[in-house]
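Reviewing the structure listed below.
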Amino acid sequence: MDAVVDCAGQTTREVNRELKRLAAEGAAEIRVLHPGARHCLGVAIFEPVLIRFAGSVGYLCCTLGDGARFEVEGDAGWSVGADMHAGSVVVHGGAGTNVGASMKGGSVVVKGSVGTRAGIAGKGGTVVVGGDAGYMSGFMFQKGVLVVCGDVDDGIGDSMYAGDIYVGGSIGEPGSDCVVRDLTDADERLLHELCDPHGLGPKRAWTKLGSGGRLHNFDKREFAIWREAM
Amino acid sequence: MCIAHTRDGEVARRRRGGPVGSAVGSRGMCGIAGFLAKRADGPVASEVLGRMLTGLRTRGPDSTGLGLYEPATNGHVTVRVWCGDDAAAADAARDRARAAYDIDEFDFDSGVLRFRVDGAVAVADICREVEGADATVEVFSVGRSLQIYKHVMDGTELARAYGLAGSPGRHGVGHTRLATESRVDVQHAHPFWARPFADICVVHNGHITNYHKLRRLYEMRGHRFFTGNDSELLALYLAHRLEEGATIQEAMEASIADLDGSFSYLLATADGLGMCRDRVGSMPGIIAETDDWVAVASEPIAVHEAFGDAAEDASFRELGVGRAVMWTL
């Protein structure tokens, strides 16, 4: 039988200690009841356990993971899956700002819409958003893949260094030095691979975005570019 | 802006033992909450907001406040006047009010003098008569239905101090404050009344960075500031826009361009609740909605604290950056 942890009547620290203890003892799956949009649940879990939250979680949940898998049956707050090294997060509802911030590996899938700055400073791994994403998503993206099936607000991919961003809906004013790239067959295959298992797909048609590379090196003769970017 | 707590603030903070769950408390600054029941028989705003502020206590351990809208009393406005701990100041304010208006009764609770005045009297006149030249006396709110309750205490203590249990009304706003730019005392607590507009108040999370420039501008026009809190300026700014003829929606939209810095704020009126977010979305602002009510807050946990498992049935979304939205009764 799967392990169960009930947040009711416990502090967040007590819940996290219990999750870590069960994971260290080799639990395959843990169901967490009454998460109540609490912050910092499921932080720094390094075992390949599956943790299911039976409801919504708050800020900074499922973060600093290295191998753990998470499912959130409701919504998530800011920074879900941030700083993950390996593992996965699937959020069945929507999520707040900073989804998968500074991720190094693993995957975060949010089936609904997300707030601003999704995938900010991503350093690897994949972030997939089933709905729309807010302002400045993919800001300073460095490596990895950001997929938004719906529309994106202004500033997508602003000052991104590298990595690939795919948008399935409309695009607001793109960010500084974010440029449209040709969509290849390999891109199409990757998008099917990332979206199909979750029943997701583009709102209209895929657009691929990447870094124009103009901000990689400073040259004072190109000061106008920097003035605009800053 | 620098973080400069006064000695009062330090005392208040020590007495309360700091925020619960400091990892979260140290990240957020100030919690805002708003609630509006879509039907007359819906949840009572004072009770919902009280629970929402419990959920946001970690964002603001310094002070707590509520702007509650009770059903209007026929033809009268309720005036709430901060007189502080000085009994002589309260007596003097009472005498000034009695001399100027025909007032049936006064009550005095935790530093606040409350009375009713005929609604036909100009609000600015009420303030001038009651405050007189006493710099420590401040009219906190005037309204046919609005009453602002705020103090250097948590939400539970606030409700007890002012007898808010069961206070009727369908909408209102609340605030938990973590002071980062001005002193911790009752007058610096939110909500701020959009003086001299009856029934309009504001709660704010963030910093208005062109505060000093705008404050000088308003002072040159003759406006009086009671605090060093940038959120007082936000209320004044919105009042000024309304004075110029803007609708509430237009005033909020204008603020997005005119105010620098980070802000998510709520503006409440006699029959509505508005929410506004700055151009880069540096401060949070979520909207939870069902067929029966709308609840807005800094964090979803406030709504979950208020509604428990039923919160899972509400639809949550973030207000987009640089946007303003309103709901009416």
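So the protein sequences, as listed, match chains H and C.
Quick note on the numbering used here: the first sequence kicks off at 1 and runs consecutively.
Quick note on the numbering used here: the second sequence kicks off at 1 and runs consecutively.
Even glycine gets a Cβ: it sits at the ideal position worked out from N, Cα and C.
These numbers come from a predicted model, not from an experiment.
Chain-ordered chain C contacts of Ser56/H [CB-CB under 8 Å]: Pro300, His304, Ala311, Glu312 and Phe316
Assigned secondary structure, Ala93/C (DSSP; H/G/I helix, E/B strand, else coil): helix
Boundaries (first-last residue) of the alpha helix (DSSP H) holding Arg116/C: Segment Val112 to Asp118 is the beta strand (DSSP E) holding Arg116/C; no alpha helix (DSSP H) there.
Cα-Cα separation between Gly201/H and Asp132/H, rounded to whole angstroms: 12 Å
C-beta neighbour in chain C for His92/H, strict 8 Å: no
Straight-line Cα distance separating Val15/H from Leu41/H: 8 Å
The region 255–284 of chain C: positions lying closer than 8 Å to chain H by Cβ: Val280, Gly281 and Pro284
Three CB pairs or more closer than 8 Å across the region 114–121 of chain H and the region 94–102 of chain H: yes
Simplified DSSP state of Tyr161/H, which is helix, strand or coil: coil
Contact belief for Asn205/C with Cys30/C at Cβ below 8 Å, rounded distance in angstroms: 4 Å
Assigned secondary structure, Phe307/C (DSSP; H/G/I helix, E/B strand, else coil): helix
Burial state of Ala232/H (16 or more Cβ within 10 Å): Any question about residue 232/H goes unanswered here, given that chain H covers just 1 to 230.
Interface residues of the region 67–85 of chain H facing chain C [CB-CB below 8 Å]: Gly74, Asp75, Gly77 and Trp78
Buried versus exposed, by CB contacts within 10 Å (16 or more), Phe225/C: exposed
Minimum length 3: unbroken beta strand (DSSP E) runs contained in the region 193–221 of chain C: 201–208
Beta-carbon neighbours of Thr63/H, restricted to chain C and to distances below 7 Å: Chain C residues near Thr63/H: none, gap ~12 Å exceeds 7 Å.
Stretch-stretch touch, CB-based, cutoff 8 Å, three pairs: the region 92–107 of chain C with the region 140–154 of chain C: no
Residues of the region 129–155 of chain H whose Cβ lies closer than 7 Å to any Cβ of chain C, in chain order: Gly134, Tyr135 and Asp153
At least 3 beta-carbon pairs within less than 8 Å: the region 147–159 of chain C vs the region 35–45 of chain C: no
Span of the alpha helix (DSSP H) around Val123/C: Val123 to Glu131
Near-chain C residues of the region 23–40 of chain H - C-beta to any C-beta below 8 Å: His34, Gly36, Ala37, Arg38, His39 and Cys40
Leu329/C Cβ short of 7 Å to the ligand ADP heavy atom set: For the ligand ADP, the structure offers nothing, since it holds no ligand at all.
Distance between Tyr237/C and Glu243/C (C-alpha atoms, nearest Å): 10 Å
Proximal residues to Ser22/C (C-beta, below 7 Å), its chain only, five neighbours per side dropped: Because the pLDDT of Ser22/C is 32, which lies under 50, any placement of that residue in the model is unreliable, and the question is left without a value.
Residue-chain proximity (Gly320/C, chain H), Cβ-Cβ < 8 Å: yes
Limits of the unbroken alpha helix (DSSP H) element including Ser255/C: Ile248 to Asp258
C-beta neighbour in chain C for Ser113/H, strict 8 Å: yes
Ala314/C classed as buried or exposed, judged by whether at least 16 other C-beta atoms fall within 10 angstroms: buried
Neighbouring residues, chain C, relative to Met97/H (Cβ below 8 Å): The sequence given here has Thr at residue 97/H, not Met. Within chain C, the residues near Thr97/H are Gly281, Pro284 and Glu318.
Arg80/C - DSSP class collapsed to helix/strand/coil: strand
Own chain, CB closer than 7 Å to Cys167/C, minus 5 neighbours either side, in chain order: The sequence as given places Ser at residue 167/C; Cys does not occur at that position. If we look at Ser167/C and ignore the five residues flanking it on each side, its Cβ neighbours are Ser46, Leu68 and Glu70.
Same chain, Cβ closer than 6 Å to His76/C, neighbours up to 5 away in sequence not counted: Arg116 and Gly119
Cβ shell of Ala295/C (< 6 Å), same chain only, five flanking positions each side left out: Phe35, Ala288 and Val303
Buried or exposed by the 16-neighbour rule on C-beta atoms within 10 Å, applied to Ala121/H: buried
Classification of Lys213/C by the beta-carbon crowding that lies within 10 angstroms, buried from 16 upward: exposed
CB of His278/C within 8 Å of CB of Thr328/C, strictly: With the sequence shown as reference, residue 278/C is identified as Asp, and His is not the correct amino acid for it. Contact flag unset, no.
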